[in-house]
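**Q**
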Amino acid sequence: MFFLVAFVSAALRGQVREIFREAQTDALTGLLNRRALREVLDAQVDRMAMHGIPCVIVELEIDHFKRINDRFGHLEGDSALSRTAAILRRVCRATDALARYGGDEFVIVMPQTTIMEAQVVVERVQRAVAGDSTLRRLGLTLSAGLAAFPDRGLTSHGLLEAADRAMYRVKRRGGNNIAVA
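FYI, full-length UniProt numbering numbers position 64 of the sequence shown as 64, with every residue one higher than the one before it.
#1: On the three-pair Cβ rule with 8 angstroms, is the region 134 to 148 touching the region 94 to 105?
#2: Write down the C-beta distance between Ala166 and Ala181 rounded to the nearest angstrom, noting that I regard them as a contact closer than 8 angstroms.
#3: Starting from Gly77, trace the alpha helix (DSSP H) in both directions and tell me its first and last residue.
#4: Please state the DSSP three-state secondary structure of Phe20.
#5: Could you compute how far the alpha carbon of Ile108 sits from the alpha carbon of Val170?
#6: Does the contact criterion of 3 or more C-beta pairs under 8 angstroms hold for the region 23 to 34 versus the region 98 to 118?
#7: Taking a contact to mean a Cβ-Cβ separation below 8 angstroms, would you say Glu105 touches Glu59 in this structure?
#8: Which residue from Asn33, Ile57, Met110 puts its Cα closest to that of Gly158?
#9: Reducing DSSP to helix, strand and coil, say where Leu128 ends up.
#10: Leaving out the 5 sequence neighbours to the left and right, which residues in its chain are closer than 7 angstroms to Phe20 when beta-carbon positions are compared?
Structure, rendered in structure tokens:
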């Protein structure tokens with residue numbers, strides 16, 4: 001009887017872990033979802049404030065994504081999102097939190113990073129996207145907005161808003177560039 005209870009208990013723990021992981025992960029890209037990003041970012045902001053650690057929030061958006069979906073179809077659009085997520089995983093550090101924030105938006109939380117260092121990483125991401133033959137065929141480019149803690153906000157909401165405003169400045173100028181809040 002003890003072994004049966006232990007077996008069932010272990011199986012249930014595994015299922016709970018899997019459900020928890022699925023609740024925090026974007027199904028298409030495998031990155032954190034919006035809800036999980038908020039939790040990670042809130043915890044990171046608390047930690048940064050307590051220890052005086054710098055951090056940069058990067059908001060990336062695929063330029064003209066609707067046009068990609070309309071021209072090539074939603075399956076190609078989904079593939080573009082997955083390929084972009086794979087590039088983020090490859091280029092960013094293990095300590096960075098990566099999330100799909102919305103339909104065609106991604107967020108990178110970069111602890112212990114300056115704006116200059118974050119800009120270098122985003123440029124590498126943009127070069128990797130340009131170097132991917134499938135994404136290049138689709139005409140995919142990225143606009144990015146960067147916001148630094150504590151310079152541009154002391155809350156996760158404030159940082160995301162600042163990065164979002166910077167990213168939309170890039171979009172208004174034609175996209176495929178980087179702006180700092």
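The beta-carbon is built from N, C-alpha and C at its ideal position, and this holds for glycine as well.
**A** A quick look at the data gives this:
#1: no
#2: 4 angstroms
#3: 74 to 91
#4: Interpretation of Phe20 is limited by its pLDDT of 48, a score under 50 that renders its predicted location unreliable; the figure taken from the coordinates is listed afterwards. In the structure shown, Phe20 sits in a helix (DSSP, three-state: H, G or I).
#5: 17 angstroms
#6: yes
#7: yes
#8: Ile57
#9: Here the sequence assigns Ala to residue 128, which means Leu is not the residue at that position. The answer is helix: DSSP assigns Ala128 an H, G or I state.
#10: Because Phe20 sits at a pLDDT of 48, beneath the cut-off of 50, its placement in the model cannot be relied upon, and the following sentence gives the value as read from the coordinates. Nothing meets the Cβ criterion.
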